[in-house]
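Counting with the working numbering, you get residues 4 to 164 for the letters of the sequence shown.
For every residue, glycine included, the Cβ atom is placed at its ideal position computed from N, Cα and C.
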Amino acid sequence: MPNKKIPGGLDEAKNYALRLLSHRARSIREMRERLTRKGYSEKVVDKVLSSLKKSDYLDDASFAKIWVENRVLLRGCGRRRIRAELISKGIEKDLIERELDESYPEEREKEIALTLAKKRLPSYRDLAITTKRRRLIQFLLRRGFSSETAQEVCRELLPER
């Protein structure tokens with residue numbers, strides 16, 4: 004059996020962290036979890052995180068901004084889903100709210116939900132109107148839009164007769 008090298012060196016840990024960051028931005032908590040899972044000691048992890056913060060490679064505020072922009076532009080996610088994702092990544096709630104208010108105001112949420120619903124609606128063309136409404140609302144809820152926004156968009160696109 005080959006001899007497995009136990010990770011532990013500061014340079015090795017920092018190189019691993021930089022390799023992770025080359026793929027996508029990460030939150031401080033995500034990076035801590037990845038380094039710990041890889042087997043680095045808490046002391047080494049703390050030093051690497053400190054070094055990356057000083058070099059501006061790790062910054063939860065810029066991570067949150069990038070995450071919100073990507074989720075809105077590329078995936079069309081609602082505020083609720085983005086908030087939940089950022090919480091799971093260890094971002095502080097006040098930072099999340101500030102970033103959502105700046106980058107994704109509530110007024111814009113309805114526009115995005117409407118655009119997504121218009122794209123989705125043709126796939127429901129052979130269904131009964133009640134089924135269309137139900138599926139459209141469920142689709143928007145899964146994307147992280149509030150139930151009020153989903154209902155409003157549904158009423159706008161599929162008005163009651």
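Item: Decide yes or no for the touch test of the region 113-132 against the region 66-82: beta carbon pairs closer than 8 Å, at least 3 of them.; Value: yes
Item: Might you give, ordered along the chain, the residues of its own chain that have their beta carbon closer than 6 Å to the beta carbon of Leu143, omitting 5 neighbours on each side?; Value: Ala116 and Ala153
Item: Is DSSP giving Gln154 helix, strand or coil here?; Value: helix
Item: Given a cut-off of 8 Å on the beta-carbon distance, is the pair Ile31 and Asp59 in contact?; Value: no
Item: Quick one: what does DSSP say Leu89 is sitting in, helix, strand or coil?; Value: helix
Item: Do Leu38 and Ala67 come within 8 Å of each other at the CB atom, strictly closer than that value?; Value: no
Item: Residues in its own chain within less than 7 Å of Lys50 by CB, not counting five upstream and five downstream?; Value: Leu13
Item: Quick one: is Gly147 buried, meaning 16 or more other Cβ sit within 10 Å of its Cβ, or exposed?; Value: buried
Item: Measuring alpha carbon to alpha carbon, tell me which of Cys157, Leu61, Ser91 and Asp97 ends up nearest Thr134.; Value: Cys157
Item: For a test of the three-state rule: what should DSSP assign to Leu165, helix, strand or coil?; Value: The displayed coordinates of the chain run from 4 to 164. Any statement about residue 165 would go beyond what the structure contains.
Item: Of the residues Lys46, Leu161 and Asn18, which one's Cα is nearest the Cα of Ile131?; Value: Reading off the sequence, residue 131 comes out as Ala, not Ile. Ranking the options by Cα distance to Ala131, first place goes to Leu161.
Item: Please classify Asn6: is it buried, with 16 or more other beta-carbons within 10 angstroms of its beta-carbon, or exposed?; Value: Residue confidence for Asn6 is low, a pLDDT of 39 falling below 50, so the modelled location carries little weight; the figure read from the coordinates is stated next. Classification for Asn6: exposed.
Item: Is the Cβ-Cβ distance between Leu139 and Arg123 less than 8 Å?; Value: yes
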